[in-house]
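Peer 1: Residue numbering for the sequence shown follows the numbering used here, beginning at 1229 and increasing consecutively. Glycine included, every Cβ here is placed at the ideal spot set by N, Cα and C. Being a predicted model, the structure only gives us computed values, none of them experimental.
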Amino acid sequence: MTDHISTDHVSYAVSSGVATLRMNRADKKNALTQGMYTAMTSALASAGQDEGVRAVAILGVPGVFCAGNDIQDFIAMISRGQGIEGPVLEFLRAIIPFEKPLVAGVDGAAVGIGTTMLMHCDYVVASERAMFATPFVDLGIVPEAASSLVGPRIMGHPRAFELLAMGRRWNAERAESAGLINEITTAENLEARTLEVAAEIAAKPAGAMRESRALIRGDVSQTMKRMNEEALLFRKRLESTEAQAAFMAFMSKKK
1229 MTDHISTDHV SYAVSSGVAT LRMNRADKKN ALTQGMYTAM TSALASAGQD EGVRAVAILG
1289 VPGVFCAGND IQDFIAMISR GQGIEGPVLE FLRAIIPFEK PLVAGVDGAA VGIGTTMLMH
1349 CDYVVASERA MFATPFVDLG IVPEAASSLV GPRIMGHPRA FELLAMGRRW NAERAESAGL
1409 INEITTAENL EARTLEVAAE IAAKPAGAMR ESRALIRGDV SQTMKRMNEE ALLFRKRLES
1469 TEAQAAFMAF MSKKK
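1) Beta-carbon separation of I1324 and A1285 under 9 Å?
2) Is G1379 buried or exposed, if buried means 16 or more other CB atoms sit within 10 Å of its CB?
3) Give me the residue from M1345, L1260, D1350, V1370 with the minimum Cα distance to I1299.
4) My assumption, with CB atoms under 8 Å, is that N1297 sits in contact with G1333. Please give the rounded CB distance.
5) For the beta strand (DSSP E) that T1414 lies in, which residues bound it at each end?
6) Can you have a look at P1329 and say buried or exposed, based on whether 16 or more other CB atoms are within 10 angstroms of its CB?
7) Do the CB positions of A1283 and H1237 come within less than 9 Å of each other?
8) Near V1365, which residues of its chain fall below 7 Å by C-beta distance, leaving aside the five closest residues on each side in sequence?
9) Name the residue from A1322, M1251, E1390 whose alpha carbon lies nearest to the alpha carbon of V1448.
10) Return the chain-ordered ranges of every beta strand (DSSP E) run that is complete within the segment 1281-1332 and spans a minimum of 3 residues.
11) Less than 9 Å separating the beta-carbons of I1350 and E1419?
12) Would you decide whether M1359 is buried or exposed? Buried here means 16 or more other CB atoms lie within 10 Å of its CB.
13) Is there a Cβ from chain C that is less than 9 Å from the Cβ of G1245?
14) Quick check on the DSSP output: the beta strand (DSSP E) that includes S1355 runs from which residue to which?
15) Checking 9 Å against the spacing of the C-beta atoms, do S1239 and R1250 come in under that value?
16) Verify whether the separation of the beta carbon atoms of V1246 and V1292 is less than 9 Å.
17) Suppose only complete runs of 4+ residues qualify. What are the alpha helix (DSSP H) ranges in the segment 1335-1395, listed by chain order?
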């Protein structure tokens, strides 16, 4: 257990009952590498074990929350036939059953897992310039992080299909109306407001909060089961000609 973690692209610190987990790879729009997943998993483990932590705030950097999985890692996954086993799956297995309140602050892009991780947060603050997208089908793959189960629970089938299957981009207003986020603020106020909400939660009686949250969330075992089912399909899809062609086309556009 630690109250401070710092790597090149992930930081974790605890203050007044709130743990702040920050993704900081601004030059790559916070695209998550294997090392970042590992660091974030370690941070969540520390927060879960620390009795002084009563809430966790997840943040990116000004202008970008998370651009999803690093595309080079995806290409490597395809070449190894690996799927999302390893650090990605370990992170999902940490955040989905996490037992303390999670608050996220989204400024700018939240793509792929940048959006689906929000479905496991209890409160999401977004800036007016936030953008949410899950282009799984466009890349020849399927949703992950149990979003195919949790998404419809949060938003209903039509909106979940629009986001997760059609891959439409949502602005903050659309995400709020769908129930994906709780509130919208200015970009300048995003971090302060996120930490304010986390502090509000941390000030509540911890035992009552923990048990109330567990009741609201319901049986997490079903969510974990769906996550594992998605992971198997995700791996199969990575090996498909559709996915390989989509990733190669994406890489050629970036050159």
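Peer 2: If we stick to the structure as given:
1) Here residue 1324 is taken as the residue at index 96 of the sequence shown, counted from 1. Here residue 1285 is taken as the residue at index 57 of the sequence shown, counted from 1. Going by C-beta atoms, I1324 is not nearer than 9 Å to A1285.
2) On the sequence shown, residue 1379 is found 151 positions in, with the first residue counted as 1. Its Cβ being crowded by 16 or more others within 10 Å, G1379 is buried.
3) For the purposes of this step, residue 1299 is taken as the residue at position 71 of the sequence shown. Ranking the options by Cα distance to I1299, first place goes to L1260.
4) Position 69 of the sequence shown, counted from the first residue, corresponds to residue 1297. Position 105 of the sequence shown, counted from the first residue, corresponds to residue 1333. The pair is not a contact, with the Cβ atoms about 20 Å apart (cut-off 8 Å).
5) Translated into positions along the sequence shown, residue 1414 becomes position 186. Careful: T1414 lies outside any beta strand (DSSP E) and carries neither H nor E.
6) Your numbering for residue 1329 matches position 101 in the sequence shown. Answer is buried; the Cβ neighbour count reaches 16.
7) Here residue 1283 is taken as the residue at index 55 of the sequence shown, counted from 1. Here residue 1237 is taken as the residue at index 9 of the sequence shown, counted from 1. Not in contact: A1283 and H1237 (Cβ atoms no closer than 9 Å).
8) Along the sequence shown, read from residue 1 onward, the residue named residue 1365 stands at position 137. For V1365, where only same-chain residues beyond five positions count, the Cβ hits under 7 Å are A1393, G1395.
9) Counting from one through the sequence shown, the residue named residue 1448 turns up at place 220. It is A1322 whose Cα lies nearest to the Cα of V1448.
10) 1283-1287, 1292-1294
11) The residue given as residue 1350 occupies position 122 in the sequence shown. The residue given as residue 1419 occupies position 191 in the sequence shown. The sequence as given places Asp at residue 1350; Ile does not occur at that position. No, Cβ-Cβ distance for D1350 and E1419 is not below 9 Å.
12) In the sequence shown, the residue the question calls residue 1359 occupies position 131. Classification for M1359: buried.
13) Looking at the structure shown, chain C is missing, and only one protein chain is on hand.
14) The sequence position of residue 1355 within the sequence shown is 127, counting from 1. First-last of the beta strand (DSSP E) with S1355: 1351-1355.
15) The residue you call residue 1239 lines up with position 11 of the sequence shown. The residue you call residue 1250 lines up with position 22 of the sequence shown. Contact: yes.
16) By one-based count along the sequence shown, residue 1246 stands at place 18. By one-based count along the sequence shown, residue 1292 stands at place 64. Not in contact: V1246 and V1292 (Cβ atoms no closer than 9 Å).
17) 1341-1344, 1375-1383, 1385-1388
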